[in-house]
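Participant: Quick one: the structure is below, and I'll ask about it shortly.
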Amino acid sequence: MEATAGLPYRTQAVDRSRTTVQTWQRVALVGILLLALFLHFFRLEQEGYANLYYAAAVKSMLTSWHNFFFNSFDPGGFVTVDKPPLGLWVQAASAALFGFSGTSLLLPQALAGVLSVWLLYHLARRVFGPTAGLIAALVLAVTPISVAANRNNTMDSLLVLVVLLAAWAVLRAVETGRLRWLLLCAALVGLGFNIKMLQAFLVLPAFYLLYLLASPIPWWKRLLHLALATAILLGISLSWVAAVDLTPPEERPYVGSSKDNTVMELIVGHNGLSRLLPGGLRALTGSGGQPAGRNVPAAPAGPPAGQLPAAPNNPPGQAPMQPLPGQPPRQRPPAGGQPLPPQPGQPAAGAARGGNGALSDETGEPGLLRLFNRQLAGQISWLLPLAGLGLVAAAWQTPLRFPLQRRQQSLLLWAVWLLPMIVFFSVANLFHRYYLEMMAPAIAALVAAGVVAMWDDYRRPGWRGWLLPLSLVGSAAVAAGILAEFPAWSRWLTPLVAGGCGLAALGLAAARLVPAWRQRSWPRLLAAAGTLTLLVPMLTWSLIPVLYGGHAGLPYAGPDLLQAPRDGNELEAGAWVDYLLANQGDAVYLAATLNARSAAPLILATGEPVMALGGFSGGDPILTVEEMAGRVAAGEVRFFLLSAADGQQRDLVRWVTGQCTAVPPTAWQANRGGRGEQVQLYDCGEIQ
Numbered sequence: 028m029e030a031t032a033g034l035p036y037r038t039q040a041v042d043r044s045r046t047t048v049q050t051w052q053r054v055a056l057v058g059i060l061l062l063a064l065f066l067h068f069f070r071l072e073q074e075g076y077a078n079l080y081y082a083a084a085v086k087s088m089l090t091s092w093h094n095f096f097f098n099s100f101d102p103g104g105f106v107t108v109d110k111p112p113l114g115l116w117v118q119a120a121s122a123a124l125f126g127f128s129g130t131s132l133l134l135p136q137a138l139a140g141v142l143s144v145w146l147l148y149h150l151a152r153r154v155f156g157p158t159a160g161l162i163a164a165l166v167l168a169v170t171p172i173s174v175a176a177n178r179n180n181t182m183d184s185l186l187v188l189v190v191l192l193a194a195w196a197v198l199r200a201v202e203t204g205r206l207r208w209l210l211l212c213a214a215l216v217g218l219g220f221n222i223k224m225l226q227a228f229l230v231l232p233a234f235y236l237l238y239l240l241a242s243p244i245p246w247w248k249r250l251l252h253l254a255l256a257t258a259i260l261l262g263i264s265l266s267w268v269a270a271v272d273l274t275p276p277e278e279r280p281y282v283g284s285s286k287d288n289t290v291m292e293l294i295v296g297h298n299g300l301s302r303l304l305p306g307g308l309r310a311l312t313g314s315g316g317q318p319a320g321r322n323v324p325a326a327p328a329g330p331p332a333g334q335l336p337a338a339p340n341n342p343p344g345q346a347p348m349q350p351l352p353g354q355p356p357r358q359r360p361p362a363g364g365q366p367l368p369p370q371p372g373q374p375a376a377g378a379a380r381g382g383n384g385a386l387s388d389e390t391g392e393p394g395l396l397r398l399f400n401r402q403l404a405g406q407i408s409w410l411l412p413l414a415g416l417g418l419v420a421a422a423w424q425t426p427l428r429f430p431l432q433r434r435q436q437s438l439l440l441w442a443v444w445l446l447p448m449i450v451f452f453s454v455a456n457l458f459h460r461y462y463l464e465m466m467a468p469a470i471a472a473l474v475a476a477g478v479v480a481m482w483d484d485y486r487r488p489g490w491r492g493w494l495l496p497l498s499l500v501g502s503a504a505v506a507a508g509i510l511a512e513f514p515a516w517s518r519w520l521t522p523l524v525a526g527g528c529g530l531a532a533l534g535l536a537a538a539r540l541v542p543a544w545r546q547r548s549w550p551r552l553l554a555a556a557g558t559l560t561l562l563v564p565m566l567t568w569s570l571i572p573v574l575y576g577g578h579a580g581l582p583y584a585g586p587d588l589l590q591a592p593r594d595g596n597e598l599e600a601g602a603w604v605d606y607l608l609a610n611q612g613d614a615v616y617l618a619a620t621l622n623a624r625s626a627a628p629l630i631l632a633t634g635e636p637v638m639a640l641g642g643f644s645g646g647d648p649i650l651t652v653e654e655m656a657g658r659v660a661a662g663e664v665r666f667f668l669l670s671a672a673d674g675q676q677r678d679l680v681r682w683v684t685g686q687c688t689a690v691p692p693t694a695w696q697a698n699r700g701g702r703g704e705q706v707q708l709y710d711c712g713e714i715q
């Protein structure tokens with residue numbers, strides 16, 4: 028009161044009004060951040076170790092600097108993870124600081140998700156205003172696939188945070204024309220490359236085009252700056268790649284999921300062309316690209332990257348196995364959330380979760396409307412049409428002229444961020460649902476900019492004032508279409524969304540016909556209520572992994588989690604682990620398995636080196652029969668835990684079964700593998 032005591036009454040009233048608005052905005056931001064904290068951290072411990080493949084890698088990396096640097100999957104340094112190391116390094120730092128546990132592994136991703144919400148608020152607010160900032164933050168906070176992925180130890184949330192920081196840096200570069208901000212942007216994207224490789228480069232068209240068109244410096248300087256930034260980008264992106272590939276193969280682990288033991292081939296092949304084209308590099312070269320002298324595996328079998336087999340079932344007459352330390356038992360959904368039968372024509376729950384079926388069961392077939400199929404629409408696409416309409420509405424308000432204004436710069440950034448990703452995810456051969464998190468910031472920003480722009484148009488004369496009520500009706504129709512695939516949920520969510528948005532649209536239309544009503548407060552409340560109603564299904568989808576637990580290897584949100592078996596996150600260890608520990612002797616490796624998915628539980632249970640003969644999927648040509656026989660003769664490995672039903676590494680399996688002794692099941696309590704086949708333990712100690 029003292030600060031405004033000498034001001035005219037009207038000025039004092041305006042200042043009080045502004046203070047009230049600012050207070051409301053701060054309260055709203057705090058509420059959104061608290062919601063994000065709840066969605067990311069509530070019952071986080073129920074996820075256990077989440078993705079066992081990555082969890083085992085972190086445990087292995089903590090055993091030595093050699094394993095840490097080379098991103099080794101196993102403590103023995105036999106094979107690497109099929110991803111770059113930075114995301115796992117962050118998890119390893121968290122585990123070193125707080126102790127190795129499931130929670131310490133998930134903490135960095137959950138924290139990155141909350142920070143991304145705050146950062147997106149800042150990016151939207153500084154251009155489109157505080158209301159847009161709040162809408163963008165809220166949309167991102169409740170985006171189902173973001174919540175599910177951020178509660179897992181997959182690294183996409185860290186990548187999203189890094190590229191959002193890069194977006195902030197490039198916007199600063201465009202506004203100031205200073206090279207240092209552009210170089211910072213390039214460095215951040217380079218760090219992103221070392222989290223998820225080429226996935227980080229999906230934002231580069233937006234950054235390059237924005238700086239090229241909007242920077243306030245001469246054209247020749249823009250091109251020079253972009254060339255320097257590209258050099259920084261490539262230097263940081265390929266620094267670890269070069270260090271690994273230049274290290275003699277005998278002094279480092281085999282590069283997992285590569286065909287020639289190089290990270291560069293991993294980038295171009297498994298994590299590059301294979302994601303885009305059926306057959307990957309073979310589709311372009313017409314050859315398999317197999318190195319000479321190596322086993323040529325059959326077509327890969329089993330779950331896709333990051334997916335572990337389901338927990339085994341105990342044979343009759345055997346005691347139940349106990350969960351490993353740090354891995355909590357999973358809880359079944361209460362009666363109100365009992366599993367629902369799959370809908371006619373839809374994949375079964377296991378297939379939908381990316382289990383043993385084709386990868387298309389997880390993402391659907393490529394096509395124009397792929398992002399609106401049953402598998403993907405509920406994860407990310409609720410507001411995708413509204414984002415497109417919002418882009419048009421916001422762009423209409425500012426005439427296009429050069430140099431681009433800040434609003435145009437931001438719209439260009441988010442539009443070119445989103446459009447290439449829509450194209451990629453519509454046509455890509457291989458990806459997982461949680462990759463869609465990369466689209467979430469752009470969708471949220473464009474929705475926020477569009478809703479604010481349509482509200483401004485609503486209060487003015489002209490036909491564009493009808494866009495806001497029409498957009499509410501159209502977005503409710505999109506939500507109803509997505510919900511139609513889930514009848515049990517549609518019965519109550521569809522009337523809620525359609526009724527709420529319909530009433531809000533009718534009220535806005537009535538106020539539109541009476542100009543005096545537009546200036547009152549209740550149309551604003553109707554617009555806010557309609558927008559919030561659109562978020563109810565998204566929040567519902569997001570709450571399911573929070574309350575009932577997410578999928579371990581391939582995180583996603585929505586009711587399909589309630590249909591799926593609840594053993595995806597369980598680790599089990601029994602007397603067979605004790606048998607291996609008691610009989611390991613001087614062998615370096617506790618045992619050898621066909622793939623990293625089978626080895627991960629052993630590593631987490633014991634901390635001992637376990638040899639994954641074929642890398643993650645079992646198809647990596649790491650050892651020839653002669654090399655493996657040499658390792659057995661040298662006493663490096665004695666026990667092999669194999670399945671004759673596995674179609675890969677046939678030559679290695681044939682050698683083990685022919686040369687080694689099958690250990691009687693009564694000695695080690697043989698169990699069945701996650702895919703239902705009989706697993707047999709072989710002892711090769713007698714032929715050393």
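FYI, the numbering for the sequence shown is 28 to 715, going by the numbering used here. Yeah, the Cβ is synthetic: ideal placement off N, Cα and C, and Gly gets one too.
Buried or exposed for residue 405, going by 16 or more other Cβ atoms inside 10 Å?
Facilitator: Counting from 1 along the sequence shown, the entry for residue 405 is found at position 378. Result: buried.
Participant: How would you write the range of the beta strand (DSSP E) that residue 709 sits in, first residue to last?
Facilitator: The residue given as residue 709 occupies position 682 in the sequence shown. Residues 706-710.
Participant: Taking the alpha carbon of residue 294 as the reference point, which residue from 278, 228 and 660 has its own alpha carbon closest?
Facilitator: The residue labelled residue 294 in the question sits at position 267 within the sequence shown. Of the listed residues, the one whose Cα sits closest to residue 294 is 228.
Participant: Straight-line CA distance for residue 716 to residue 408?
Facilitator: Absent from the structure is residue 716, since the part of the chain shown begins at 28 and ends at 715.
Participant: Anyone know if the C-beta pair for residue 111 and residue 87 falls short of 8 Å?
Facilitator: Your numbering for residue 111 matches position 84 in the sequence shown. Your numbering for residue 87 matches position 60 in the sequence shown. Not closer than 8 Å, so no.
Participant: By DSSP, does residue 638 sit in helix, in strand, or in coil?
Facilitator: If you number the sequence shown from 1, residue 638 lands on position 611. Three-state DSSP puts residue 638 in a strand.
Participant: Where do the ends of the beta strand (DSSP E) carrying residue 620 lie?
Facilitator: Residue numbering aside, residue 620 sits at position 593 when the sequence shown is read from its first letter. First-last of the beta strand (DSSP E) with residue 620: 618-620.
Participant: In three-state DSSP terms, what is residue 106?
Facilitator: To locate residue 106, count along the sequence shown from 1; it is residue 79. Three-state DSSP puts residue 106 in a strand.
Participant: To the nearest angstrom, report how far apart residue 516 and residue 214 are at their CA atoms.
Facilitator: Locating residue 516 in the sequence shown gives position 489, counting from the first residue. Locating residue 214 in the sequence shown gives position 187, counting from the first residue. One C-alpha to the other measures close to 45 Å.
Participant: Which residue spans inside the segment 498-552 form an unbroken alpha helix (DSSP H) run of at least 4?
Facilitator: Fully enclosed alpha helix (DSSP H) runs of 4 or longer: 514-540 and 542-545.
Participant: Give a yes or no on whether the C-beta atoms belonging to residue 679 and residue 655 are separated by under 8 Å.
Facilitator: The count along the sequence shown starts at 1 and reaches residue 679 at position 652. The count along the sequence shown starts at 1 and reaches residue 655 at position 628. Contact: yes.
Participant: Counting C-beta neighbours from all protein chains within 10 Å, is the total for residue 666 16 or more, i.e. buried, or is it exposed?
Facilitator: Here the question's residue 666 lines up with position 639 in the sequence shown. Flag for residue 666 reads buried.
Participant: Please confirm whether residue 123 and residue 79 have their CB atoms less than 8 Å apart.
Facilitator: Against the sequence shown, residue 123 aligns to sequence position 96. Against the sequence shown, residue 79 aligns to sequence position 52. The answer is no: Cβ separation not under 8 Å.
Participant: Quick one: using the 10 Å Cβ neighbour count with 16 as the cut-off for buried, is residue 248 buried or exposed?
Facilitator: For the purposes of this step, residue 248 is taken as the residue at position 221 of the sequence shown. Answer is exposed; the Cβ neighbour count stays below 16.
Participant: For residue 664, which three-state DSSP category applies?
Facilitator: In the sequence shown, the residue the question calls residue 664 occupies position 637. Of the three classes helix, strand and coil, the one that applies to residue 664 here is strand, per DSSP.
Participant: Which residues in the same chain as residue 367 place their Cβ atom closer than 7 Å to its Cβ, once the five residues preceding and following it in sequence are excluded?
Facilitator: Here residue 367 refers to the residue found at position 340 of the sequence shown. Note that residue 367 has pLDDT 34, beneath the 50 cutoff, so the model's placement of it is unreliable and the number below is only indicative. So the qualifying residues of the chain are 515, 586, 589 and 590.
Participant: Return the chain-ordered list of same chain residues with a C-beta closer than 7 Å to the C-beta of residue 201, the five sequence neighbours on each side being excluded.
Facilitator: As a position in the sequence shown, residue 201 is number 174, starting the count at 1. Within the same chain, residue 201 has close Cβ partners 237, 238, 241, 242 and 436.
Participant: If distances are taken between C-alpha atoms only, which option among 135, 570 and 260 comes closest to residue 224?
Facilitator: Here residue 224 is taken as the residue at index 197 of the sequence shown, counted from 1. Residue 224 has its Cα closest to that of 260, out of 135, 570 and 260.
Participant: Return the CA-CA distance between residue 91 and residue 131, expressed in angstroms with no decimal places.
Facilitator: Position 64 of the sequence shown, counted from the first residue, corresponds to residue 91. Position 104 of the sequence shown, counted from the first residue, corresponds to residue 131. Spanning the two alpha carbons is a distance of roughly 19 Å.
Participant: Within the segment 381-416, note down every full alpha helix (DSSP H) run reaching 4 residues or more, in order along the chain.
Facilitator: Runs of the alpha helix (DSSP H) inside the segment 381-416: 387-390 and 404-407.
Participant: Check each candidate in 128, 152 and 117 and name the one with the smallest Cα separation from residue 138.
Facilitator: Position 111 of the sequence shown, counted from the first residue, corresponds to residue 138. Considering only alpha carbons, the answer is 117.
Participant: My output table needs one value for residue 567: the three-state DSSP class, helix, strand or coil.
Facilitator: Looking up residue 567 in the sequence shown gives position 540. Looking at residue 567 - three-state DSSP - the assignment turns out to be helix.
Participant: Three or more beta-carbon pairs under 8 Å between the segment 494-502 and the segment 203-211, yes or no?
Facilitator: Not touching, per the Cβ criterion.
Participant: Which term fits residue 246, buried or exposed, when burial requires 16 or more other beta carbons within 10 angstroms of its beta carbon?
Facilitator: Indexing the sequence shown from 1 puts residue 246 at position 219. Exposed is the call here.
Participant: Our contact map puts residue 420 next to residue 477 with C-beta atoms below 8 Å; I'd like the distance itself, whole angstroms only.
Facilitator: Within the sequence shown, numbered from 1, the residue matching residue 420 stands at position 393. Within the sequence shown, numbered from 1, the residue matching residue 477 stands at position 450. With 8 Å as the limit, residue 420 and residue 477 qualify as a contact, their Cβ atoms being about 5 Å apart.
Participant: Between the alpha carbons of residue 612 and residue 170, how many angstroms are there, rounded?
Facilitator: One-based indexing of the sequence shown puts residue 612 at position 585. One-based indexing of the sequence shown puts residue 170 at position 143. Going from the Cα of residue 612 to the Cα of residue 170 covers about 51 Å.
Participant: If I follow the unbroken alpha helix (DSSP H) through residue 483, where does it start and stop?
Facilitator: Residue 483 sits at position 456 when you count from the first residue of the sequence shown. Element bounds for residue 483: 467-485.
Participant: Return the CA-CA distance between residue 74 and residue 178, expressed in angstroms with no decimal places.
Facilitator: Along the sequence shown, read from residue 1 onward, the residue named residue 74 stands at position 47. Along the sequence shown, read from residue 1 onward, the residue named residue 178 stands at position 151. Straight-line Cα distance between these residues: approximately 8 Å.
Participant: Would you mind sorting residue 713 into buried or exposed? The rule is 16 or more other CB atoms within 10 Å of its CB.
Facilitator: As a position in the sequence shown, residue 713 is number 686, starting the count at 1. Classification of residue 713: exposed, given that the 10 Å Cβ count is below 16.
Participant: Per DSSP, residue 99 forms a beta bridge with which residues?
Facilitator: Walking along the sequence shown from the start, residue 99 turns up at place 72. BP columns for residue 99 point to 107.
Participant: Kindly give me the distance between the Cβ atoms of residue 434 and residue 155, rounded to whole angstroms, as I take these residues to be in contact under 8 Å.
Facilitator: If you number the sequence shown from 1, residue 434 lands on position 407. If you number the sequence shown from 1, residue 155 lands on position 128. So it is a contact: roughly 7 Å between Cβ atoms.
Participant: Excluding five sequence neighbours on each side, which residues of the same chain lie with their C-beta closer than 8 Å to the C-beta of residue 682?
Facilitator: Numbered from its first residue, the sequence shown carries residue 682 at position 655. Counting only Cβ-Cβ distances below 8 Å, and skipping sequence neighbours, we find 652, 655 and 656.
Participant: Expressed to the nearest angstrom, what Euclidean distance is found between the alpha-carbon atoms of residue 640 and residue 620?
Facilitator: Within the sequence shown, the letter at position 613 stands for residue 640. Within the sequence shown, the letter at position 593 stands for residue 620. Straight-line Cα distance between these residues: approximately 6 Å.
Participant: Quick check: the Cα distance between residue 192 and residue 707, rounded to an integer number of angstroms?
Facilitator: Position 165 of the sequence shown, counted from the first residue, corresponds to residue 192. Position 680 of the sequence shown, counted from the first residue, corresponds to residue 707. Their backbone Cα atoms lie some 50 Å apart in a straight line.
Participant: Could you say which of 603, 650, 106 and 557 lies nearest to residue 693 if we only look at CA atoms?
Facilitator: As a first step, residue 693 is located in the sequence shown; it is residue number 666 there, counting from the start. Here the closest residue by C-alpha is 603.
Participant: Touching or not, the segment 54-68 and the segment 137-151, by the rule of three or more beta carbon pairs under 8 Å?
Facilitator: Taking 8 Å as the limit for Cβ pairs, the verdict is that the segment 137-151 does touch the segment 54-68.
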